[in-house]
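**Student:** My numbering puts the first residue of the sequence shown at 195, with every later residue one more than the last.
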Amino acid sequence: MNEDVTVQDVMNREYVGVSESDELLETMQMMVSEDAESVMVLRGDELVGVMSERDVLAYLADEEDVRGATVADAMTESVPRVDPETSLAAAASEMSAQSTKRLAVTNGHRPLGLLTEHDVITTASMGPALEERPDAERGLDMTVQAGAGGAARTDSTPESGYEDQGICEVCGSLARDLSAFNGQLLCADCRDM
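#1: Just grab the DSSP bridge partners of E191 for me.
#2: How many angstroms separate the CA atom of E247 from the CA atom of V226?
#3: If you drop the 5 nearest sequence neighbours on each side, which residues of the same chain put their C-beta closer than 7 Å to that of E353?
#4: Ordered along the chain, which non-local residues of its own chain (more than five positions away) have a Cβ less than 7 Å from that of Q202?
#5: Do the stretch 198-217 and the stretch 250-258 touch if we need at least three Cβ pairs shorter than 8 Å?
#6: Among all the DSSP beta bridges, which residues are the ones paired with E217?
#7: Does the Cβ-Cβ distance between N309 and V276 come in under 8 Å?
#8: Whose CA, out of S367, C362, E288, A291, lies closest to the CA of G377?
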């Protein structure tokens with residue numbers, strides 16, 4: 195991992211902030227509508243906790259009713275933190291050591307953003323030495339790869355030994371070689387129609 199990359203370079207500066215006294219049900223609804231896996235719990239501008247989807251599930255497993263419950267009832271008070279100037283490699287090590295999926299990026303007690311395991315993995319997979327060379331020099335060709343989330347263009351090396359396969363969007367059959375045609379991924383049989 196590149197030691198020059200800092201947490202500040204890759205952290206997500208947008209986060210959902212709530213207070214300890216906010217209703218748990220409303221906060222859960224906000225997490226769903228904002229597609230947030232966690233929220234930062236603030237007292238003024240001071241970070242005092244975090245509440246993740248897992249915290250909510252743990253609370254729901256113990257309690258029968260969320261009416262009247264507040265964020266303080268479900269949140270985790272100990273928040274793993276990291277300084278924005280910390281190297282990404284050191285932050286990744288800290289995540290691993292603390293067995294956490296996210297670190298609050300803070301300047302003292304003031305939150306600046308959130309660093310998630312997704313941020314670390316995404317950045318680590320974009321090695322600068324690999325990106326600086328042209329595709330032809332790297333021996334890569336562009337292929338279409340289909341998955342549960344749809345189709346995406348990816349680089350694949352001929353020597354990788356893996357074949358691209360997926361589900362044809364017309365007939366629904368599993369095919370080893372899909373091709374994009376009129377905005378759909380089609381197997382050889384459906385392309386010939």
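C-beta atoms are modelled at their ideal positions from N, C-alpha and C, and glycine is treated no differently.
**Tutor:** Based on what the coordinates show:
#1: Any property of residue 191 remains undetermined from this structure, which presents the chain solely from 195 to 387.
#2: Start at 1 with the first residue of the sequence shown, and residue 247 comes out as number 53. Start at 1 with the first residue of the sequence shown, and residue 226 comes out as number 32. One C-alpha to the other measures close to 10 Å.
#3: Position 159 of the sequence shown holds residue 353. With a pLDDT of only 42 at E353, under 50, the local geometry of the prediction cannot be trusted, and no value is derived from it.
#4: Within the sequence shown, the letter at position 8 stands for residue 202. Excluding residues within five positions, the ones whose Cβ falls inside 7 Å are P278, E279.
#5: no
#6: Counting from one through the sequence shown, the residue named residue 217 turns up at place 23. Answer is T264.
#7: For this step, residue 309 is matched to residue 115 along the sequence shown. For this step, residue 276 is matched to residue 82 along the sequence shown. At residue 309 the sequence reads Leu, which differs from the Asn that was named. Yes. Within cutoff.
#8: Numbered from its first residue, the sequence shown carries residue 377 at position 183. When each option's Cα is compared against that of G377, the closest is C362.
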